[in-house]
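Residue numbers (our numbering): 612 to 957.
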């Protein structure tokens, strides 16, 4: 039996693309790529996710983590960024290259995506789709079944593996034809069209752009997946000495900060009343001088006091425990006034 490998975002278009190809008697294996910027939490229960997609849509899916390569991609995307810090064209090229590398191992004859001509203004124009096919090295083996009849034939069609007459000619941003096709397939429960990539979020993408722009003491060469995940938690600050401070807002964020804290981080907490957990990332090694680090940690302690439980409706001084490199010290910190740190927000 012929097998195809389909890129699977989990959105309606990728679901339909896989089902349209499978309807021709072709075995379709879908691959769900994850990074800290999209769908990373699926790694906590891959088996459960695979079972859910199989039960809902009749699609077999594997999950592939491409985080490390993606962090490098963001440093210099060849085709630039979209409206925010989203390298959509290079992202798709990277995923197709990886899928192409997987083909031999899974026995696939061609690749499938759910792209629709003209649906997205940056990454799904005809010229851009051509660039994606060319630069990923997959132009001849890449089938876009939802718009295939508006595009040149692929090898799969020329070789008779796929019946072109049973492919589709969708185009534009409307979804009425996709929804009608979903009904034909008996698919009623599918995600809304809102994107799941945080790089397209105006607030979160700005944080990431500043991180990659060298505005923190953390060297970009040392950036890790955990750093990116930390960037998505709590209140974020760049301290005057360059330190990157994250302050939890609720218990769930405090727990997450503790889970993401590394051995060379400074961890701060209130000692005498409820308050946030705070982390100064890489405090043990990102500062050029001990005095600069000490000044930043004192300011971080003052911010912990600011966001701790108020007394008589006002922030009050308190004792903060600062743990760094296995040692703990207690400091008395008065809360900073809001106007004193407004410019530190990341």
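C-beta atoms are modelled at their ideal positions from N, C-alpha and C, and glycine is treated no differently.
As the structure is a computational prediction, the values presented were derived from the model and not from experiment.
For residue 820, the uninterrupted alpha helix (DSSP H) run begins and ends at 813 to 823, by DSSP. Within the model, the alpha-carbon separation for residue 751 versus residue 720 is close to 11 Å. If you check the CB distance, residue 665 and residue 671 come in under 8 Å. Annotated three-state conformation of residue 643 is strand, per DSSP.
The residue among 628, 619, 916, 834 with its C-alpha nearest the C-alpha of residue 777 is 628. In chain order, 646 place their CB closer than 6 Å to the CB of residue 681, counting only its own chain and leaving out the 5 sequence neighbours on each side. Within the region 672 to 757, the runs of alpha helix (DSSP H) that reach at least 4 residues and sit entirely inside it are, in chain order, 678 to 684, 699 to 717, 737 to 746. Partner residues in the beta bridge of residue 847, as assigned by DSSP, are 857. Counting along the chain, residue 759 sits inside no alpha helix (DSSP H), nor does DSSP assign it H or E at all. For residue 659, the uninterrupted alpha helix (DSSP H) segment begins and ends at 657 to 668. In the pairwise beta carbon analysis, the region 913 to 930 is classified as not touching the region 892 to 901: fewer than three pairs are separated by under 8 Å. Residue 938: member of the beta strand (DSSP E) spanning 938 to 944, first to last residue. If you draw a straight line from the Cα of residue 949 to the Cα of residue 836, it is about 31 Å long.
Here residue 631 has 756 as same chain residues with Cβ atoms under 6 Å from its own Cβ, once five neighbours each way along the sequence are excluded. Measuring C-alpha to C-alpha distances from residue 915 to each of 938, 847, 937 identifies 847 as the nearest. Going by DSSP, residue 867 is part of the alpha helix (DSSP H) stretching over 862 to 871. DSSP places residue 881 in the uninterrupted beta strand (DSSP E) bounded by 877 to 881. The three-state reading of DSSP puts residue 902 in helix, counting H, G and I together. Under a 10 Å Cβ-count criterion, residue 874 is classified as exposed, with fewer than 16 other Cβ atoms of the shown protein chains found around its own Cβ. Using a 10 angstroms sphere on the CB of residue 779, the tally of other CB atoms reaches 16 or more, which defines it as buried.
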